[in-house]
Amino acid sequence: MDAHPDLAAEQRHLDHAYACLAAMREHAARTLAVGETAARVEQTPDAMIVQWHLERRLATLADTPAALCFGRLDEEVGDHFYIGRRHVEGPTGEPVVVDWRARVSSPFYRATYADAMGLARRRRFSVDGHVLVDIFDEHFDDPDATGGGGLPDPLLAELERARTGQMRDIVATIQAEQDMVIRAPLEDLVIVQGGPGTGKTAVGLHRAAFLLYEHRELLERQRLLVIGPNQIFLRYIAQVLPSLGETAVVQATIESLMAGRYPVRAVDDPEVAELKGDARMSEVLRRAVRDRIAAPPDDVVVATDFGSVRLPAPQIAALVDIALGRDLPSNDRRELFRERLVRLARQRYEARPGADLSVEPAFVASLRAGRDFKALLDRTWPSLRAPALVRSVLGNRHTLSRAADGVLEPAEQALLLRRNTARAADERWTRADLALLDEAEALTTGTPVTYGHVVVDEAQDLTSMELRLLARRTPERSMTVLGDLAQATAVGAQSNWDDVLHHLVAQEARQTVVAPEAERRSRARIEELGVGYRVPAAILDFANRLLPVAAPHLRPSRSVRTAGDPPLVLSVATDGLAHAVATEVGALAQRWTTVGVIAPMSGLDSIAAALRAAAIDFTDARRQTLSDSVTLLPPASAKGLEFDAVVVVEPARIVAEEPSGVRVLYVALTRAVQHLGILHAEPLPELIRGGSG
Numbered sequence: 000m001d002a003h004p005d006l007a008a009e010q011r012h013l014d015h016a017y018a019c020l021a022a023m024r025e026h027a028a029r030t031l032a033v034g035e036t037a038a039r040v041e042q043t044p045d046a047m048i049v050q051w052h053l054e055r056r057l058a059t060l061a062d063t064p065a066a067l068c069f070g071r072l073d074e075e076v077g078d079h080f081y082i083g084r085r086h087v088e089g090p091t092g093e094p095v096v097v098d099w100r101a102r103v104s105s106p107f108y109r110a111t112y113a114d115a116m117g118l119a120r121r122r123r124f125s126v127d128g129h130v131l132v133d134i135f136d137e138h139f140d141d142p143d144a145t146g147g148g149g150l151p152d153p154l155l156a157e158l159e160r161a162r163t164g165q166m167r168d169i170v171a172t173i174q175a176e177q178d179m180v181i182r183a184p185l186e187d188l189v190i191v192q193g194g195p196g197t198g199k200t201a202v203g204l205h206r207a208a209f210l211l212y213e214h215r216e217l218l219e220r221q222r223l224l225v226i227g228p229n230q231i232f233l234r235y236i237a238q239v240l241p242s243l244g245e246t247a248v249v250q251a252t253i254e255s256l257m258a259g260r261y262p263v264r265a266v267d268d269p270e271v272a273e274l275k276g277d278a279r280m281s282e283v284l285r286r287a288v289r290d291r292i293a294a295p296p297d298d299v300v301v302a303t304d305f306g307s308v309r310l311p312a313p314q315i316a317a318l319v320d321i322a323l324g325r326d327l328p329s330n331d332r333r334e335l336f337r338e339r340l341v342r343l344a345r346q347r348y349e350a351r352p353g354a355d356l357s358v359e360p361a362f363v364a365s366l367r368a369g370r371d372f373k374a375l376l377d378r379t380w381p382s383l384r385a386p387a388l389v390r391s392v393l394g395n396r397h398t399l400s401r402a403a404d405g406v407l408e409p410a411e412q413a414l415l416l417r418r419n420t421a422r423a424a425d426e427r428w429t430r431a432d433l434a435l436l437d438e439a440e441a442l443t444t445g446t447p448v449t450y451g452h453v454v455v456d457e458a459q460d461l462t463s464m465e466l467r468l469l470a471r472r473t474p475e476r477s478m479t480v481l482g483d484l485a486q487a488t489a490v491g492a493q494s495n496w497d498d499v500l501h502h503l504v505a506q507e508a509r510q511t512v513v514a515p516e517a518e519r520r521s522r523a524r525i526e527e528l529g530v531g532y533r534v535p536a537a538i539l540d541f542a543n544r545l546l547p548v549a550a551p552h553l554r555p556s557r558s559v560r561t562a563g564d565p566p567l568v569l570s571v572a573t574d575g576l577a578h579a580v581a582t583e584v585g586a587l588a589q590r591w592t593t594v595g596v597i598a599p600m601s602g603l604d605s606i607a608a609a610l611r612a613a614a615i616d617f618t619d620a621r622r623q624t625l626s627d628s629v630t631l632l633p634p635a636s637a638k639g640l641e642f643d644a645v646v647v648v649e650p651a652r653i654v655a656e657e658p659s660g661v662r663v664l665y666v667a668l669t670r671a672v673q674h675l676g677i678l679h680a681e682p683l684p685e686l687i688r689g690g691s692g
């Protein structure tokens, strides 16, 4: 094929862009050197902040292996500009490359032959390092010039690229339905349902990058939080945002978000974990807090250095009711009650015949310091701490009964009861306890840290209480929530997005919310990504046979990748299964960059031994790591990951061993981007029989 006639000219522009980027980097380095000197001399917070910003700017100007410029837009009016992963300017400030997040870049992702959005031509670049390899043009005034506008060649090339141990950005190949989600307003709560390979994780991360670009000052101050299902997943996506020039993002799991305060030391039985994740537990904890508050039945006499003061019981009760009516955490309400109680005592003192008003400040000080006043306050409205509250609910039958009667059945209450450790610091908290502790914090002291926006991946696996936990992290409910209900495999997982939406916007999800529930709900929407770009059609169609059981209410996603072989299904003898897996993996590792071996928990040790015996270098994901080549992992750890080739071992046992077995198998079958092999000794599950290649 002849080279594109504009290849040399566009290469010159690309060279110019890299030269301009280098000049920007040199200027930033010189400015940073001056800033560092000033910071050392001045030793002021302002100087340190300036230095921090300069360091961040220099980091964003790094020359990375990813393509700096990946396209060009030619407008009908004659203007043109280049699109890339960051803004690059020339010596006089003229734009050499326009940031993909700029509004003017939107047609690069959204223009179609039906709506060209003012474009005459869209040009896509295929780039290898600093070298322009090829050009693909779409002429909107002449669709026949490019064959009618199917999938652009650069997208197909990207889909066929070998995978590594880390997720790549998709900034050059974002599709229109993905771009609509990415550029949604900051204040929106967007739930994205997407099947395997539809790019929902990448969309969420690129949305984070877009929001940081659009609302830089706000989100640098309030920060942006990305929640993933486990540390393997977070390591897998770790380089996506830095490759887009964004480093000021907090990435965490539910456990790591809370681990500093409540280390997880135990595991609940599934039925206990499911109950702890039930939204009804929020009402149990609310009632447990309310149960601690009780006005005295009789008048109370409080001694001070200036004589005793009688406080009438009805007036104390009225003050309790006033404080209870405030939308504040319990301990803040307690402070309000304390101040009202002091005011009542002062008024009672002033009303006494012959009261010396000149000593009022001393009277108040004596009152606050007095034993009687402190005892009254603590009896009526004790100060509460989240760990003590949760320990009392889970470890005391009487406390639990008072809080849970009418909310939980007696059998459910019995499930929750456990023996507490002697010291709170030694408590054996579980993963399911974390959401209870966070709810208790919100009820007693308030949510400790909030963010300007929260991105949540694999949200279908979160319990209702965990959804409430994350909702409290963003008072405005500015969230991007990503998931696939067909892959809901965790204990207490979600079955529909309407319930998820309810838990995220419900008024009671935190003690103080900025916008009313109706307003927050009006800004929420559920989007569906229906086109798959990662998994080949033959593999996706094979896995979709499970959907009538895994998720009968979902519409199967379709893949644009029609080329490729169907899954290879091999039946082997039971005693030779592990050896056969090692042989197959050895062959695949010679052909593909990354190979995932997904096996039931009961078979991992024997397969690991067979891989070692075959001298195959591999990583065991049970140690929370991924490999750049061969990775052995249980099905639950495979969620969200992708490999060039995947070997799924013993599907029937995967289904039998996992609580949501069919969905877990669906996850396992949809991790391959090039080749899927299935090795089994036991008969295959009926839904996928007859699928050998």
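Residue numbers are given in numbering that gives the first Met the number 0: position 34 of the sequence shown equals residue 33, and the series is strictly consecutive. Even for Gly, the Cβ is constructed at its ideal location relative to N, Cα and C.
CA-to-CA distance, residue j to residue i, given in whole angstroms
i      : j      : result
Leu696 : Glu649 : One cannot answer for residue 696 here, as it falls past the ends of the chain, which runs 0 to 692.
Thr446 : Thr624 : 32 Å
Ile538 : Phe107 : 30 Å
Arg234 : Gly203 : 16 Å
Arg370 : Pro328 : 25 Å
Ala734 : Asp1   : Residue 734 is absent from the structure shown; the chain starts at 0 and stops at 692.
Ser605 : Val191 : 39 Å
Pro90  : Pro241 : 26 Å
Arg670 : Gln50  : 43 Å
Ile231 : Ala607 : 19 Å
Ala110 : Arg557 : 22 Å
Ala251 : Val225 : 6 Å
Val568 : Glu408 : 48 Å
Pro535 : Ala505 : 40 Å
His502 : Ser463 : 6 Å
Thr145 : Arg121 : For Thr145, the predicted model reports a pLDDT of 48, less than 50, meaning its position is unreliable; a value from the coordinates is still stated below. Each residue's Cα considered, the two are about 11 Å apart.
Val95  : Phe80  : 8 Å
Gly149 : Ala207 : Because Gly149 carries a pLDDT of 48, less than 50, the predicted location of this residue cannot be relied on, and the following value inherits that uncertainty. Going by the C-alpha atoms only, they are around 29 Å apart.
Chain-order list of residues whose beta-carbon lies under 7 Å from that of residue i (same chain, five-residue window excluded)
i      : result
Leu686 : Arg544, Leu545 and Val548
His578 : Ala609
Val170 : Arg84, Trp99, His205 and Leu243
Arg396 : Leu416
N- and C-terminal bounds of the alpha helix (DSSP H) containing residue i
i      : result
Tyr81  : Unbroken run through Tyr81 is the beta strand (DSSP E), His79 to Gly83; no alpha helix (DSSP H).
Ala694 : With the chain covering 0 to 692 only, the question about residue 694 has no answer from this structure.
Ala287 : Arg279 to Asp290
Gln230 : Gln230 to Ile236
Glu137 : Unbroken run through Glu137 is the beta strand (DSSP E), Val130 to His138; no alpha helix (DSSP H).
Phe305 : Unbroken run through Phe305: none, as it is neither H nor E.
Val103 : It is not in any alpha helix (DSSP H) - Val103 carries neither H nor E in the DSSP assignment.
Val263 : Careful: Val263 lies outside any alpha helix (DSSP H), inside the beta strand (DSSP E) at Val263 to Ala265.
Limits of the unbroken beta strand (DSSP E) element including residue i
i      : result
Ile169 : Counting along the chain, Ile169 falls outside any beta strand (DSSP E), and DSSP gives it neither H nor E.
Pro94  : Pro94 to Asp98
His679 : Ala671 to His679
Gly595 : Val594 to Ile597
Glu657 : No beta strand (DSSP E) contains Glu657, which DSSP labels as neither H nor E.
Asp127 : Leu118 to Asp127
Contacts around residue i, its chain only, beta-carbon distance under 8 Å, and the 5 residues preceding and following it disregarded
i      : result
Leu356 : Glu349
Thr200 : Met166, Ile236, Asp456, Leu481 and Gly639
Arg652 : Pro599, Ser601, Gly602 and Glu681
Residues sharing a beta bridge with residue i, DSSP
i      : result
Glu88  : Pro94
Cys68  : Gly83
Asp540 : Beta-bridge pairing links Asp540 to no other residue.
Met478 : Leu188 and Val453
Thr618 : Thr630
Ser558 : Gly531
Ser570 : His679
Gln250 : Val225
Test: residue i CB closer than 7 Å to a CB of chain D
i      : result
Ala439 : Judged by its chain identifiers, the structure shown contains no chain D, having just a single protein chain.
Residues near residue i by beta carbon distance below 6 Å, same chain, minus five either side
i      : result
His674 : Ala644
Met23  : Leu60
Asp73  : His79, Ala119 and Arg120
Margin query: Does the structure place the region 549 to 567 close enough to the region 216 to 226 that three or more beta carbon pairs sit under 8 Å?
Written below: no
Notebook entry, point to check: Using 8 Å as the threshold, is the region 461 to 476 in touch with the region 411 to 426, meaning 3 or more CB pairs across them?
Noted result: Output reads no: the region 411 to 426 does not touch the region 461 to 476.
Check: Using 8 Å as the Cβ pair cut-off and three pairs as the minimum, do the region 65 to 78 and the region 118 to 127 touch?
Finding: yes
Item checked: Cβ contact (3+ pairs, closer than 8 Å) linking the region 318 to 337 and the region 296 to 309 -> No: fewer than three Cβ pairs fall under 8 Å.
Checklist line | Any 3 or more C-beta pairs closer than 8 Å across the region 282 to 289 and the region 254 to 274 | finding: no
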